[in-house]
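A short write-up of the structure that comes next.
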Amino acid sequence: MVFGLFSKKSNLEKALTKGKKLAAQARWSEALTWFEEAREHDPDGPEARHGERQCREQLVSWNLEEASDLKGIDDEKAREHALLAMDLAGEEKDLQKNAKALLNKLGNPTPKKPAAPVVEDKPKRLFEPSCGGGCASPSCGPEGEEFEESFEDVYFLYLESMPEDERDFFEEMSADFQEGFVALQQGEAKLAEQKLTKAKKSTPPSPALHYTLGIMEATKGRIENAEREFAKATELAPAFTSAYIQRCAILRELKRSAEAETLLKKWNEDHPGDTTQAIPLQVSCLLDQDKVDEAEELLAPIFFDEGRTNINASILWAKIKEQQNDVDGAIRAWQMVTAARPDYIDALVPLGLLLIRQGGRSAEAAVKVFKQCYRVDPEHGWFYLLRIAEAYAVRGWKKDAAGILSDAEHELPNQPQAKELFRQVSALVAKL
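Sequential numbering of the sequence shown, starting at 743, is according to this note's numbering.
Shown next as structure tokens:
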């Protein structure tokens, strides 16, 4: 009996100690587990009861806050958080009542429509018989017939997806070219290179051939070769838009933005109004050269006319405003991007960093932004947790910052950059 009593007391004290320690670090979910274990040893113990209640309050409050933020934006996710809050409320009637109130505001979930049958709309792969079984049955037609029919259908199906003014370049091409083109589209790199190399040796130069060779070289990482092929394509067909834009994009990748900008300036003078490709690419080249005012002047008409629908224009406008140190302008532009694409990490991160930089209430908004990042990209959760801790610290909320910092430490990878960022945020929190 003595030993049994001693063991019970030891386990109870251990659970209480761990629960209190984790609660002090605001690690409420882990703390709740230990307080629940403590109550198993002593159901009426006041310390365990108080600790469990505190954890449930915090967890329910956090989930209801998340649900409120998502209400009207993503009601399904909001409902998930509200239901989780209901579950975390346990037997606490007042906490259950708060969760039920929000669930009632969210209303009933939208009934899901039955899943539509999946229709394969992409071209068949090479050498795939129409029966779908890969057989050599006589019912598939005479030997070789099935390949010819499938191959031709696939090639011309790809051509139908091209801009109308570029299809003529791809008409009357050799069988080797067609086979290489389709193989390239379907990721058969080895076959594509064999057939396109053969086509290059056996057929006269053509815009389609050099353009397709350029795509092949680019996919293999041979970007200097790719640029030369695109240049040959545009020499043969100066109005070949795809080849021209690809060449300029490759030049920029090769750190030859000035050359690309000159080509794009001429192109935009001869072909005005391309607000989705040519003008944004020219703006990017100008920014590469720190010609910020020229970039702003070129992009302004597009941004103010199409900013809410042209995501690329909004992204570039945000970058321009950042380079001009116009934080408010950059924030507004990034917010336009995230309004259209709430899960776009490449916009959420710079938006969150700018909000932290502004401080005050903006730092609170940064917390919500980086929480969204954490949901979308959990693989890099440590980075977003550190930024949340930084935002709390900038706001002056030491306890919240310290709690999140502790969570981030548990997810920190063994990388110098990660450790340095952790050190910087830790120093910021320590100053509070």
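Every residue, glycine too, gets a C-beta built ideally from N, C-alpha and C.
Rounded to the nearest angstrom, the Cβ distance from G761 to G787 is 11 Å, too far for a contact under 8 Å.
In the assembly as shown, Q988 is a buried residue. Its beta-carbon has 16 or more other beta-carbons within 10 Å. Considering only L758, L1097 and E921, the residue with the shortest C-alpha distance to E782 is L758. Each of S1104, G1102, R1103 and E1151 was checked against the Cα of Y1126, and the nearest Cα belongs to E1151. The beta carbon of C797 sits closer than 7 Å to those of A765, W770, A773, L774 and F777, all from its chain and outside the five residues before and after it, given in chain order.
Between the alpha carbons of E906 and P1014 lies a distance of about 18 Å.
K937 and E959 do not touch by the CB rule: their CB atoms are close to 15 Å apart, not below 8 Å. The three-state secondary structure of Q1166, taken from DSSP, is helix. F1045 sits close to A1055, with the two beta carbons spaced by under 7 Å.
Nearest in C-alpha terms to L845, of all of D1032, E833 and D829, is D829.
A distance of 7 Å or more separates the beta carbons of L1028 and C990. Counting along the chain, the unbroken alpha helix (DSSP H) around D1035 starts and ends at V1034 to E1048.
In the three-state DSSP reduction, H1122 falls in the helix class (H, G or I). Straight across, the Cα-Cα distance linking L1090 with T1004 is about 32 Å. In this structure, the beta-carbon distance from H823 to E833 does not fall below 7 Å. Between I1062 and A1042, the C-beta spacing is not below 7 Å.
As summarised for the segment 773-847, the continuous alpha helix (DSSP H) elements at least 4 residues long and confined to that stretch are 788-812 and 817-830, given in chain order.
A Cβ-Cβ separation of about 24 Å leaves L933 out of contact with E969 under the 8 Å criterion.
CA-CA distance, E930 to H952, rounds to 18 Å.
The three-state secondary structure of E914, taken from DSSP, is coil.
Looking only at W1059, D816 and S903, the smallest Cα-Cα distance to L1040 is reached by W1059.
Buried is the label assigned to R1137, since at least 16 other Cβ atoms lie within 10 Å of its Cβ.
When the alpha-carbon of A975 is set against those of P946, D1012, G963 and A1172, the nearest one is in P946. In this structure, DSSP gives E930 a state outside helix and strand, which the three-state scheme calls coil. F912 places its beta carbon 7 Å or farther from that of A941.
In the DSSP annotation of this structure, the continuous segment of the alpha helix (DSSP H) that includes Y953 starts and ends at P949 to T961. By the Cβ neighbour-count rule, I815 is exposed, with fewer than 16 other Cβ atoms within 10 Å of its own. Setting aside the 5 residues that flank it on each side, N1156 has no residue in the same chain whose C-beta is closer than 6 Å to its C-beta. One thing to note: W1076 has its Cβ within 7 Å of the Cβ of L1093. Sixteen is the threshold: since fewer than 16 other Cβ atoms of the shown chains lie within 10 Å of the Cβ of S903, the residue is exposed. Judged by DSSP in its simplified three-state form, S771 adopts helix.
Nearest to K835 by C-alpha distance, out of R909, D811 and E799, is E799. Secondary structure note for A985: its alpha helix (DSSP H) is the uninterrupted segment T983 to E995. Of the residues assessed, P949 falls on the buried side of the cut-off, its CB having 16 or more other CB atoms within 10 angstroms. Distances from the CA of I1098 to each of D1085, A1131 and A1082 were compared; the closest alpha carbon is that of A1131.
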